[in-house]
Structure formats: structure tokens, C-alpha cells
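Participant:
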Amino acid sequence: MTIARWASRRYNRRSLPTAFMDRIGNPVKTKLAKKLKRDGEDIVCLLLALNTFEEISGEKPYRIILWVVIDPEAGQDEAREQRAIGVVSEWRKLLTQCQGIEVEDADLKTTSDITMLDLQNLVRWDVDYLSPDGAPIEN
Numbered sequence: 008m009t010i011a012r013w014a015s016r017r018y019n020r021r022s023l024p025t026a027f028m029d030r031i032g033n034p035v036k037t038k039l040a041k042k043l044k045r046d047g048e049d050i051v052c053l054l055l056a057l058n059t060f061e062e063i064s065g066e067k068p069y070r071i072i073l074w075v076v077i078d079p080e081a082g083q084d085e086a087r088e089q090r091a092i093g094v095v096s097e098w099r100k101l102l103t104q105c106q107g108i109e110v111e112d113a114d115l116k117t118t119s120d121i122t123m124l125d126l127q128n129l130v131r132w133d134v135d136y137l138s139p140d141g142a143p144i145e146n
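8 is the number of the first residue of the sequence shown in the numbering used here; add one for each residue after it.
#1: With a threshold of 16 other CB atoms inside 10 Å of the CB of Phe60, please say whether the residue is buried or exposed.
#2: Tell me Asp112's beta-bridge partners as DSSP assigns them.
#3: Between Asp112 and the rest of its own chain, which residues show a CB-CB distance below 6 angstroms, the 5 nearest in sequence each way excluded?
#4: Starting from the C-beta of Asp49, find all residues in its chain whose C-beta is less than 6 angstroms away, skip the five residues before and the five after it, and write them out in chain order.
#5: Does Val35 come out as helix, strand or coil in the three-state DSSP assignment?
#6: Over what stretch of residues does the beta strand (DSSP E) that includes Ile50 continue unbroken?
#7: Using alpha carbons as the reference points, say which of Pro24, Glu97, Val130 and Val134 lies closest to Ile63.
#8: So the candidates are Gly65, Leu124 and Arg99; which of them puts its Cα closest to the Cα of Lys36?
#9: For Leu124, count the other beta carbons within 10 Å of its own beta carbon; 16 or more makes it buried, fewer makes it exposed. Which is it?
#10: Looking at the secondary structure, which residues open and close the alpha helix (DSSP H) in which Asp84 lies?
#11: Thinking just about the alpha-carbon of each residue, which of Pro68, Asp120 and Leu129 is nearest to the one in Ile150?
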């Protein structure tokens, strides 16, 4: 069942530009994945807005808005909310370090904050690609 869901998401979603993904180097990918593994148990999804979904050259930056989404119950628990805010902060910091990526905004949202219009303008960022080349992620 897990493989079927993964394959369905892989082929039924808008893909992010290769040039964008390439700008996130392996050290950053590893750190992003570690942070999600350590503190991301309440995260429902990551939503992303890009200034363009075209492949652009290295001189032009991808400008992004990142929303880390949690359930409302997690947002009402101080410790759980702070852990999720830590994910937002760390992801913002790490993505800002990537040459050719400008983080215009990164925010924590609950599922009840998000509208259908938001979902039309944002892309779910599946992070299954973040596992570093078969290497186990250590805590």
C-alpha cells in the first residue's frame, strides 16, 4: 500500500523544477531530512510557492514561500507547536544558504488556516527525495 501511495503521488503531482532541486546541495538535504525526522512528527505536509516552475539559469534565483502545515490540535499544544516552529526556522535557515534560492517567507500554518485557493496556488513538497542516497539518517 505504501508503494502504491508513493507512486500515485509521484505521477499525479506537479513536479518541482530540476534546477531548483539541484540548488539544494546534499549537505543541506541531509540536514533538512534530519530536522524533519527529529521534530516533524506533527507535520501534515509542506506547501511551497515558487516564483516560476520553469527551469531557470543560475543567475536568476528561485523565490519561494514555504508553509509547514500541522493539525490544529498540534497548534494548541505549546510544546508541539514550538517543535514545529523549530522546523520552520531551520528549513528557512538551511534553504537560505542555498545559492539561487531566496526564501521570501516561511511560516507555520494549521490545516484549518488553508483555503482551497491556497491549495490552487501552492504545491505539496513531497520530501521523500531528501533521504541521502540510501544512508541512514542519524538523530
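We put the CB at the ideal spot given by N, CA and C, even for glycine. Computed from a predicted model, the values in this text were never measured in an experiment.
Facilitator: This is what the structure gives:
#1: Label assigned to Phe60: exposed.
#2: According to DSSP, Asp112 bridges with Ile72.
#3: So the list reads Ile72, once near-sequence residues are dropped.
#4: Cβ within range, chain order: Ile77, Ala81, Arg87 and Ala91.
#5: When DSSP states are grouped into helix, strand and coil, Val35 belongs to the helix group.
#6: Bounds of the beta strand (DSSP E) holding Ile50 are Ile50 to Leu57.
#7: Residue nearest to Ile63 within the set Pro24, Glu97, Val130 and Val134 is Pro24 (criterion: CA-CA distance).
#8: Looking at the Cα atoms, Arg99 is the closest of the given residues.
#9: Under this definition Leu124 is an exposed residue.
#10: From DSSP, Asp84 is part of no alpha helix (DSSP H); its letter is neither H nor E.
#11: Outside the displayed span of the chain (8 to 146) sits residue 150, for which this structure offers no information.
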